[in-house]
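Since the structure comes first, as structure tokens, the remarks are kept for the end.
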Amino acid sequence: MAIPVIDFSKLSGEERTKTMAQIANGCEEWGFFQLVNHGIPEELLERVKRVCNEFYKLEREKNFKKSTPVKLLNENDGGKLENVDWEDVITLLDDNEWPSNTPGFKETMAEYRAEVKKLAEKVMEVMDENLGLPKGYIESAFNSGDNNNNNKAFFGTKVSHYPPCPQPEQVNGLRAHTDAGGVILLFQDDTIGGLQILKGGEWVDVQPLPNAIVINTGDQIEVLSNGKYKSVWHRVLAMPDGNRRSIASFYNPSLAATIAPAPQLVEQARDYPKFVFGDYMSVYAEQKFRPKEPRFEAVKAM
Numbered sequence: 053m054a055i056p057v058i059d060f061s062k063l064s065g066e067e068r069t070k071t072m073a074q075i076a077n078g079c080e081e082w083g084f085f086q087l088v089n090h091g092i093p094e095e096l097l098e099r100v101k102r103v104c105n106e107f108y109k110l111e112r113e114k115n116f117k118k119s120t121p122v123k124l125l126n127e128n129d130g131g132k133l134e135n136v137d138w139e140d141v142i143t144l145l146d147d148n149e150w151p152s153n154t155p156g157f158k159e160t161m162a163e164y165r166a167e168v169k170k171l172a173e174k175v176m177e178v179m180d181e182n183l184g185l186p187k188g189y190i191e192s193a194f195n196s197g198d199n200n201n202n203n204k205a206f207f208g209t210k211v212s213h214y215p216p217c218p219q220p221e222q223v224n225g226l227r228a229h230t231d232a233g234g235v236i237l238l239f240q241d242d243t244i245g246g247l248q249i250l251k252g253g254e255w256v257d258v259q260p261l262p263n264a265i266v267i268n269t270g271d272q273i274e275v276l277s278n279g280k281y282k283s284v285w286h287r288v289l290a291m292p293d294g295n296r297r298s299i300a301s302f303y304n305p306s307l308a309a310t311i312a313p314a315p316q317l318v319e320q321a322r323d324y325p326k327f328v329f330g331d332y333m334s335v336y337a338e339q340k341f342r343p344k345e346p347r348f349e350a351v352k353a354m
């Protein structure tokens, strides 16, 4: 069993219909798929790999060795550390402070974020079409409807590293969860695996594929599609060798956006509640590593 790999360039050719169907299958049956020939220049992706690896070595590695996960693992008696992630992570937003000591990091990551945001918007348009929704429906739903910048869709990027772990059976790389937001675009490590999704009760590897972008759908896409597309449980295993690099970008609703199933996809009573995304995030902050269904119930009651 392997995660679907889709040639995104064929959307504009004779195989458009087939490619649209492949993406629909990836969204409906898997919740995860990999895009190749997605339009982000390989030269840029190679620079991203280089600056992120250098950033970790220059600015993060020393502190990780003194971090809480390392301390807890060193003190552990051999059981599984259930509430710890063997992960070093920073978040890049348009308006927060970015690392500045690694040459080329800021410039390269700004360029990458612009490219991957454009790709996210193209993927959402494909989802609109496959779901039978008007062009731009999902993107519009993610904006709260006025021109205030605070009410625009949110785009963030997490730069994570999963260093070699001396006792990988005792700790999670990243605990199993579904993603709270909309569309997630992951540029994962070329060689070091560890990312898995839950399908049919089994954990399935998301195989490293050079310069592919992994797409997955979050909880808000599940709601907007009225359950046709599902957000899927996934996790990262701690690994004994290598230093896994993972760059995940999230195209999410604004905190003020109201999310509900698209009326075109509701035949009878809604299966999902209508809610404000900021309220959902308040619940998610407390329940990220628990089942999503109680989150929907909690936000329905707010």
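Quick note, my numbering runs 52 ahead of the 1-based positions in the sequence shown. Backbone N, C-alpha and C fix where the C-beta goes; we use that ideal spot for every residue, glycine too.
- Residue 295 sits in coil when the DSSP states are folded into three classes, being neither helix nor strand.
- By the neighbour-count criterion, in which a residue is buried when 16 or more other Cβ atoms sit within 10 angstroms of its Cβ, residue 187 is exposed.
- Counting along the chain, no beta strand (DSSP E) covers residue 80, and no H or E run does either.
- Counting other Cβ atoms within 10 Å of its Cβ, residue 152 stays below 16 and is therefore classed as exposed.
- Going by DSSP, residue 350 is part of no beta strand (DSSP E) but of the alpha helix (DSSP H) stretching over 345–352.
- Contact check for residue 284 against residue 246 fails: the beta carbons are separated by 7 angstroms or more.
- In chain order, 121, 212, 213, 214, 225, 226, 288 place their CB closer than 8 angstroms to the CB of residue 139, counting only its own chain and leaving out the 5 sequence neighbours on each side.
- Per DSSP, the beta bridge partners of residue 287 are 248.
- Residue 260 is positioned such that its CB atom lies no closer than 7 angstroms to that of residue 231.
- Straight through space, the alpha carbons of residue 248 and residue 312 are spaced by roughly 29 angstroms.
- Taking the CA atoms as reference points, residue 78 sits about 37 angstroms from residue 125.
- A Cβ-Cβ distance of about 19 angstroms is found for the pair residue 350 and residue 276, leaving them out of contact under the 8 angstroms criterion.
- The residues 150, in chain order, have a CB closer than 6 angstroms to that of residue 158 in the same chain once the five nearest residues on each side in sequence are set aside.
- Distance from residue 279 to residue 323 at the Cβ level is roughly 5 angstroms; contact confirmed, criterion being Cβ atoms closer than 8 angstroms.
- According to DSSP, residue 208 shares a beta bridge with 302.
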